[in-house]
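Presented below is the structure to which this report refers.
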Ligand SMILES: [Co+2]
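Numbering (the working numbering), first residue to last: 25 to 316.
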């Protein structure tokens, strides 16, 4: 990975975040929001690192609009967006209160402050558990719970989750952060602090490029290999290219074992969730927040 591509992806993500914060309003179709955000990423010279996630209230993550989605923006909305430049990633998220709720605002403040405190102590050789502890302490100081089974992650070229996790609580794993690219993403909730796997999200990632007989499935496989490589994509993107027959092809690829289909992630007690996320580049004696 070239550092210039990493910082370029981060800069684009940061600009798109500002743009999104300004245009998103209550009752706007999620489909329109997703298209605008992904369009802006391309306009600024990047590519989406994954389908933009627009998760509302107790949906913590992995809601991207389908091609015919009719849902609209409301409640506590989390906007999670990714950019890549030649496979170098930026992953960032923020939350918006669209119903003028004091509790939403406090939840948003809690995850944002947790992110700030986590980044403040980040450096080469820090333990991931220490970062988790800073996140946990901050969120608990607001009277909320961190989501314990969602976590930050290391990133590599065309690899959004390259193996190392950064917990949102103190843990006993003894993971040490070396030089590299990481996403830190605290989630705060008024609920129990855990998510379960809900409905399919229509977000997929290629896990095996083994042969498949169906011609539409092969056509999709070729698009994935050329354009998305090993990064997540969604059915909406493929319907745009191939029409609704893409949905059949995706189902065939899933049944053939070529794809992993991500589930939506829902807070177990159906309480509201806020999220804040930035990408950091840990260098020998410096930490760069690429998405700020
Ligand atoms: Co992330």
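Cβ atoms here follow ideal geometry from the backbone N, Cα and C, with glycine treated the same way.
All of these numbers come straight from a predicted model, not from anything done at the bench.
Return the residue from the list the options that minimises the CA-CA distance to residue i.
i	options	result
residue 88	285, 111, 273	285
residue 93	124, 54, 166	54
residue 294	224, 81, 226	81
residue 137	192, 123, 150	192
residue 148	131, 202, 251	202
residue 226	249, 261, 252, 246	261
residue 271	246, 241, 252, 253	241
Please return the same chain residues whose Cβ sits closer than 8 Å to the Cβ of residue i, not counting the five positions on each side in sequence.
i	result
residue 195	152, 153, 156
residue 52	96, 97
residue 84	102, 171, 174, 211, 213, 219, 289, 290, 291, 297, 299
residue 281	231, 232, 234
residue 86	77, 79, 225, 227, 286, 287, 288, 289
Alpha carbon to alpha carbon, how far is residue i from residue j?
i	j	result
residue 60	residue 182	23 Å
residue 279	residue 62	28 Å
residue 48	residue 57	7 Å
residue 134	residue 110	34 Å
residue 28	residue 144	23 Å
residue 200	residue 179	15 Å
residue 184	residue 255	7 Å
residue 216	residue 168	9 Å
residue 236	residue 264	22 Å
residue 43	residue 248	28 Å
residue 120	residue 276	37 Å
residue 224	residue 287	4 Å
residue 130	residue 166	8 Å
residue 32	residue 316	12 Å
residue 309	residue 150	12 Å
residue 245	residue 187	25 Å
residue 301	residue 128	17 Å
If residue i and residue j are in contact, beta carbons under 8 Å, what's the gap, nearest whole angstrom?
i	j	result
residue 176	residue 114	Wrong, their Cβ atoms sit about 14 Å apart, outside the cutoff.
residue 297	residue 213	5 Å
residue 66	residue 105	Going by Cβ atoms, the distance from residue 66 to residue 105 rounds to 12 Å, so no, they are not a contact pair.
residue 273	residue 243	7 Å
Quickly, what does DSSP pair residue i with across the bridge? List them, please.
i	result
residue 121	100
residue 299	211
residue 283	230
residue 72	107
residue 115	106
residue 189	177
residue 151	200
Excluding the 5 residues preceding and the 5 following residue i in the sequence, name in chain order all residues of the same chain whose CB lies nearer than 6 Å to its CB.
i	result
residue 142	155, 158, 159, 208
residue 123	99
residue 229	256, 284
Tell me which same chain residues have a C-beta within less than 7 Å of the C-beta of residue i, skipping the five on either side of it?
i	result
residue 30	112, 205, 305, 314
residue 39	68
residue 64	40, 43
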